[in-house]
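Engineer: Let me give you the structure first, and then I'll get to my questions.
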Amino acid sequence: MNGAVARLRSLPLRSRLALLVAAAVAIAVAASAGACWFIVRGALYDSLDNSLQQNRVSSTTVLQQLEGTRCRAQGPSLPEEVNPFKLSIQVIDPQGVTCTLIGSGVEVAGSDIAVADGRSPQALHNTKSEAGTEYRVLTYPLEGYKGAVSVARPLTEVNDTLSDLTLVLALVAGVGVVGAGAAGLWVARTGLRPVDELTGTVEHVARTEDLTVRIPADGDDEIARLSRSFNAMTAALANSQERQAQLIADAGHELRTPLTSLRTNIELLARSEETGRAIPAEDRKALLASVKAQMTELSALIGDLQELSRPDESGRSGKVEVVALHTVVRTAIDRARLRGPELTIEGQLAPWYVRAEAPALERAVVNVLDNAVKFSPPGGRIDVRLDRGELTVRDRGPGIPEDELPHVFDRFWRSPSARSLPGSGLGLSIVARTVQQAGGAAELRPAPDGGPGTMAVIRLPGAPTPPPGDPTTA
């Protein structure tokens, strides 16, 4: 059994479908043919039994024949026109002794003796003659005489009809099964042709890594849905590949500037040591400060790249938990006041609890406030509000032109007016990514009152009270 199942699984899918269709049709045909055979057999036996009932001989006729003849094993054979059905008539006494009046004698059964001795009113069964021919026998009581009369008729006509019917049903079933197998194979080939095309496309993509290949998807059936899903998958992979290539190119471009400056400063210091020409103390101090600044910038850039290189969902390094957003914002405000002591930072924070990675969310809020501090003029003011999950940070800096607002969350994008300021251009990208992972949205708007500066808006789903039983990260 296991070997047959293994061989069946080794066949191609279209062959298995054809065999399945053929097997299903064979079972259906076999069940129909069997039912038909038994129905016809029952009808033929009913007809034969009715005929035997009609051929019952009266007791008077039987007694008259008994008086004029001696009992014998073989009765006289009547002409076919007189006895067209080749009836056999015999008399049975209570001891089972028979007297054949017409035709061949047939074997006596216990049910026949029961009729002869009065225990049963009638018997109807199959039996055989002494020559081995099958008969259908009707046995009924003989009135005025202790015994019974058996009227028998050969089963040849019934058996011949059933044999012919069996042959016809077998031929029809065979043709039906073969036709069903051929039709199943044709349907399987036709139905699986799109699957073959999809398989060929997948193999081509795996072999060539060409993600621009698309499969035509017509209709709304399962194959069309599978084709559209495959096209969406390859488009997503191609987009991911393109973004990775762009990230590498942008990272290389951003790394080139600090590395060039760092190499130039180190070469000046090394040349001074090699030639013995001392660099003035002030210039040497400036070179070392520049080297330190470039190394700090490189470290920050590498950290931002590591953050952005993680997958959006499965690559989360922290645990998602309930975070008190108002506490995170308050901590970020305290840090921002240390970075810009000359600035006025006002905060109005209503309690709000969200589900997020606490360290990532804190870094995102810090990035938004750092941007506000970086672009605020000396003595400026920054307003921070948190109300029902909407965090707004308003600065009074130079602002961002409206045509540049759609690009502020792109990786490495920096406004032309901000390219002289320190930074990697990845801070707002990290903000957008973190907020999106928490189920929220982030955007930058012009100042709502038309004044100078920009307003950063972060919306996060949550509740003003923490869920019962959940630990809260402050």
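Using the UniProt record's numbering, read the sequence shown as starting at 1 and increasing by one per residue.
Glycine residues also receive a C-beta, built at the ideal position from the N, C-alpha and C atoms.
1. Can you name, in chain order, every residue of its own chain whose Cβ lies under 6 Å from the Cβ of Val329, other than the five neighbours on each side?
2. Pull the bridge partners of Ala441 from the DSSP assignment, please.
3. So, with DSSP's three-state summary, where would you put Val82?
4. In terms of residues, what are the limits of the beta strand (DSSP E) holding Leu211?
5. Let's test the definition: count the other Cβ atoms within 10 Å of the Cβ of Phe38 and tell me whether it reaches 16, buried, or not, exposed.
6. Determine, using beta-carbon pairs with one atom in the region 141-157 and one in the region 89-96, whether at least three such pairs fall under 8 Å.
7. For Ile382, which of helix, strand or coil comes out of DSSP?
8. Under DSSP, the beta strand (DSSP E) around Leu138 begins and ends at which residues?
9. Do Ala182 and Ala33 come within 9 Å of each other at the CB atom, strictly closer than that value?
10. Could you tell me which of Gln54, Val149, Gly174 and Ser299 sits nearest to Ser120, measuring between CA atoms?
11. Enumerate in chain order the residues of its own chain whose CB-to-CB distance from Pro464 is below 8 Å, with the five nearest sequence positions on each side excluded.
12. Would you mind stating whether residue 475 and Val195 have Cβ atoms separated by less than 9 Å?
13. By the DSSP assignment, the beta strand (DSSP E) with Arg153 in it spans what residues?
14. Using only CA atoms, which one of Glu404, Val158, Ile223 and Ala238 lies nearest to Ser47?
15. Per DSSP, what kind of secondary structure is Gly450 in: helix, strand or coil?
16. Please classify Asp210 as buried or exposed, where buried requires at least 16 neighbouring CB atoms within 10 angstroms.
17. Does the distance from the C-beta atom of Val323 to that of Leu361 stay below 9 Å?
18. Tell me which residue opens and which closes the alpha helix (DSSP H) that Ile92 is part of.
19. Counting Cβ pairs, one atom from each stretch, are 3 or more of them under 8 Å apart for the region 427-438 and the region 397-404?
Structural biologist: Inspection of the coordinates gives the following:
1. Sequence index remark: in the sequence shown, residue 329 carries index 329 (1-based). Only Leu349, Val365 and Leu386 meet the Cβ criterion.
2. Locating residue 441 in the sequence shown gives position 441, where the first residue counts as 1. Answer is Arg459, bridged to Ala441.
3. As a working note, residue 82 is residue 82 in the sequence shown. Confidence is the limiting factor: at Val82 the pLDDT is only 34, short of 50, which leaves the residue's position unreliable, though a coordinate-based value still follows. DSSP, read as helix, strand or coil, puts Val82 in coil.
4. Position 211 of the sequence shown, counting from 1, holds the residue named residue 211. No beta strand (DSSP E) contains Leu211, which DSSP labels as neither H nor E.
5. For the purposes of this step, residue 38 is taken as the residue at position 38 of the sequence shown. By the 10 Å Cβ count, Phe38 comes out exposed.
6. They touch, by the three-pair rule.
7. Translated into the one-based positions of the sequence shown, residue 382 becomes position 382. Strand at Ile382.
8. Mapped onto the sequence shown, residue 138 falls at position 138. Boundaries of the beta strand (DSSP E) around Leu138: Glu134 to Pro141.
9. Numbered from its first residue, the sequence shown carries residue 33 at position 33. Numbered from its first residue, the sequence shown carries residue 182 at position 182. Note that the C-beta distance between Ala33 and Ala182 is not below 9 Å.
10. Here residue 120 refers to the residue found at position 120 of the sequence shown. The shortest Cα separation from Ser120 among Gln54, Val149, Gly174 and Ser299 belongs to Val149.
11. For this step, residue 464 is matched to residue 464 along the sequence shown. The residues Ala350, Pro351, Trp352, Tyr353 and Arg388, in chain order, have a CB closer than 8 Å to that of Pro464 in the same chain once the five nearest residues on each side in sequence are set aside.
12. The structure shown does not extend to residue 475, since the chain is modelled only from 1 through 474, so no value can be given for it.
13. On the sequence shown, residue 153 is found 153 positions in, with the first residue counted as 1. Counting along the chain, the beta strand (DSSP E) containing Arg153 begins and ends at Ala148 to Pro154.
14. Residue 47 sits at position 47 when you count from the first residue of the sequence shown. Closest option to Ser47, judged by alpha-carbon separation, among Glu404, Val158, Ile223 and Ala238: Val158.
15. Taking the sequence shown and counting its residues from 1, the one referred to as residue 450 is at position 450. In this structure, Gly450 counts as coil in the three-state DSSP scheme.
16. Numbered from its first residue, the sequence shown carries residue 210 at position 210. Per the 10 Å Cβ criterion, exposed.
17. As a position in the sequence shown, residue 323 is number 323, starting the count at 1. As a position in the sequence shown, residue 361 is number 361, starting the count at 1. Yes, they are a contact pair.
18. The count along the sequence shown starts at 1 and reaches residue 92 at position 92. That residue, Ile92, is in no alpha helix (DSSP H); its beta strand (DSSP E) goes Ser88 to Ile92.
19. Here the region 427-438 makes no contact with the region 397-404; the two share fewer than three CB pairs at distances below 8 Å.
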